[in-house]
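Note sheet for the following structure.
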Amino acid sequence: EPEVTQTPSHQVTQMGQEVILRCVPISNHLYFYWYRQILGQKVEFLVSFYNNEISEKSEIFDDQFSVERPDGSNFTLKIRSTKLEDSAMYFCASRRGLGNTIYFGEGSWLTVV
Amino acid sequence: SQELEQSPQSLIVQEGKNLTINCTSSKTLYGLYWYKQKYGEGLIFLMMLQKGGEEKSHEKITAKLDEKKQQSSLHITASQPSHAGIYLCGADIAQKLVFGQGTRLTINP
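Protein sequences, first through last, are from chains A and B.
Using the numbering used here, the letters of the first sequence map in sequence onto residues 1292 to 1404.
Using the numbering used here, the letters of the second sequence map in sequence onto residues 210 to 318.
Put into C-alpha cells, the structure is as follows:
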C-alpha cells in the first residue's frame, strides 16, 4: 500500500541552526500538509499546500518556516533558525483530493538543544 | 473556529471489555476522521465518516457519526492489548484536518 515517507526520523540540532524535514507524499496526491505535535500535546496544523503554493497556514507557521516542493515528488519543511520550542514531532500528510482520506507519515522527531 | 472535544481524555479498561470514546464538535461535521497513534509514533488511519447516521466497522472497532453530524463515537468490542494507544478524532475543515486532544487508552491484562 502506498505510504507517506518522512526523513529523517529523528534529528537533534543546536538552537539557531537551520533544519530541513523531508517528505515524499503518495504519488497521485495533490494536497500536502505539515502538522506538529509537541510531546504529550495535540496534533496542530501548520500549513497546507496545493498547486505549488501555500493554501493556508496557521499562526504557528511564522517567517521562520517555509515549505517547498522542489522536484514534483518531495515536499520539504524548512525551519530557518530553530528555537527550543520548535522541539516536536513533525508530520507530513497528503490526500488525493478534497474529501478524500488524509494519510500521515511516521513523523520526524526534532530536538532542539 | 471549530473545536473538537474528546472524552474521556484517558481510559483504562480490562482486556476483553468494551469501551466507547466520544468526539463532539461545536459545529456541523462534514468529514470526521479517526486515527490511532502509538505514543511518539505516526498516525494510523482508522475510518472516515461523512454522512449523518453513518456507521463503519473495521475488525472490532466501530465508529458512528450521529444524524446531526456534531458527534462521533468510536466503540471497541472485546478490547485487546493491541488496541492500546491514543485515539484522535479529526474534523475536515476548510481543506485541512483539525484534531481533538486525543484519548489515551490503556488495556490491562
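Where is the CB? At the ideal position from N, CA and C, for every residue including glycine.
Please look up how many angstroms separate the CB atoms of Lys226/B and Tyr296/B, rounded, as I've assumed it's under 8 Å.
-> Sequence index remark: in the second sequence, residue 226/B carries index 17 (1-based). Sequence index remark: in the second sequence, residue 296/B carries index 87 (1-based). Actually they do not touch by this definition, with Cβ atoms about 16 Å apart.
Since Leu1405/A meets chain B, which of its residues come closer than 7 Å, beta carbon to beta carbon?
-> Any answer about residue 1405/A is impossible in this case: the structure gives chain A only from 1292 up to 1404.
Met256/B CB to nearest chain A CB: under 7 Å?
-> Here residue 256/B is taken as the residue at index 47 of the second sequence, counted from 1. No, no contact with chain A.
Can you have a look at Gln215/B and say buried or exposed, based on whether 16 or more other CB atoms are within 10 angstroms of its CB?
-> Here the question's residue 215/B lines up with position 6 in the second sequence. So Gln215/B ends up on the buried side.
Three or more C-beta pairs closer than 8 Å, one from the segment 253-263 of chain B and one from the segment 307-316 of chain B: is that the case here?
-> no
Examine chain B for any beta-carbon lying closer than 7 Å to the beta-carbon of Ala1323/A, and answer yes or no.
-> On the first sequence, position 32 is the one that residue 1323/A refers to. It is Phe, not Ala, that sits at residue 1323/A in the sequence shown. No, because no Cβ of chain B sits closer than 7 Å to the Cβ of Phe1323/A.
Beta-carbon of Thr1298/A versus every beta-carbon of chain B: anything under 7 Å?
-> Taking the first residue of the first sequence as 1, we reach residue 1298/A at position 7. Not one chain B Cβ lies under 7 Å of Thr1298/A.
Quick one: any contact between the segment 1371-1382 of chain A and the segment 1295-1306 of chain A, if contact means 3 or more CB pairs under 8 Å?
-> yes
Report the rounded CA-to-CA distance for Lys269/B versus Leu1375/A, giving the unit in angstroms.
-> By one-based count along the second sequence, residue 269/B stands at place 60. By one-based count along the first sequence, residue 1375/A stands at place 84. Spanning the two alpha carbons is a distance of roughly 41 Å.
Cβ-based burial, Leu1389/A [other Cβ within 10 Å; buried from 16] | Reading the first sequence from its first residue, position 98 is the one you call residue 1389/A. It counts as exposed.
By a C-beta neighbour count over all protein chains shown, 10 Å radius and 16 as the cutoff for buried, is Gly251/B buried or exposed?
-> Sequence index remark: in the second sequence, residue 251/B carries index 42 (1-based). Per the 10 Å Cβ criterion, buried.
Please check if any C-beta of chain B sits within less than 7 Å of the C-beta of Ser1339/A.
-> Numbered from its first residue, the first sequence carries residue 1339/A at position 48. Yes, its Cβ sits closer than 7 Å to a Cβ of chain B.
Could you check if Leu228/B is buried or exposed, using at least 16 other CB atoms within 10 Å of its CB as the buried criterion?
-> The residue labelled residue 228/B in the question sits at position 19 within the second sequence. It is buried - the Cβ of Leu228/B has at least 16 other Cβ atoms within 10 Å.
Residues of chain B with CB under 8 Å from Phe1382/A, in chain order?
-> As a position in the first sequence, residue 1382/A is number 91, starting the count at 1. In chain order: Gly251, Leu252.
On the three-state DSSP scale, how would you describe Glu1376/A?
-> Numbered from its first residue, the first sequence carries residue 1376/A at position 85. Glu1376/A: helix per DSSP, three-state reduction.
Quick one: measure Cβ to Cβ for Thr315/B and Ala287/B, integer angstroms, because I've assumed they're closer than 8 Å.
-> Along the second sequence, read from residue 1 onward, the residue named residue 315/B stands at position 106. Along the second sequence, read from residue 1 onward, the residue named residue 287/B stands at position 78. The pair is not a contact, with the Cβ atoms about 16 Å apart (cut-off 8 Å).
In or out: Arg1386/A buried (at least 16 other Cβ within 10 Å) or exposed?
-> Residue numbering aside, residue 1386/A sits at position 95 when the first sequence is read from its first letter. The residue in question, Arg1386/A, is buried, as its Cβ has 16 or more Cβ neighbours within 10 Å.
Can you give me the Cβ contacts of Pro1316/A inside the same chain, cut-off strictly under 6 Å, excluding the 5 residues immediately before and after it?
-> Position 25 of the first sequence, counting from 1, holds the residue named residue 1316/A. Counting only Cβ-Cβ distances below 6 Å, and skipping sequence neighbours, we find Val1295, Phe1323, Phe1366, Ser1385.
When you compare each of Asn231/B, Arg313/B, Asp301/B to Tyr1394/A by their alpha carbons, which one comes out closest?
-> Residue numbering aside, residue 1394/A sits at position 103 when the first sequence is read from its first letter. The shortest C-alpha separation from Tyr1394/A is found at Asp301/B.
Enumerate in chain order the residues of its own chain whose CB-to-CB distance from Tyr1341/A is below 8 Å, with the five nearest sequence positions on each side excluded.
-> In the first sequence, the residue the question calls residue 1341/A occupies position 50. The residues are Leu1321, Tyr1322, Phe1323.
How about Phe1336/A: is its C-beta nearer than 7 Å to some C-beta of chain B?
-> Working through the first sequence from its first residue, we reach residue 1336/A at position 45. For Phe1336/A, the answer is yes, since a Cβ of chain B falls inside 7 Å of its Cβ.
Cβ shell of Gly1396/A (< 8 Å), same chain only, five flanking positions each side left out = Residue 1396/A sits at position 105 when you count from the first residue of the first sequence. Glu1294, Val1295, Thr1296, Gln1297, Cys1314, Phe1382, Cys1383, Ala1384.
Spatial neighbours of Pro1361/A within its chain, please: CB distance less than 8 Å, with the 5 preceding and 5 following residues excluded, ordered by chain position.
-> As a position in the first sequence, residue 1361/A is number 70, starting the count at 1. Within the same chain, Pro1361/A has close Cβ partners Thr1367.
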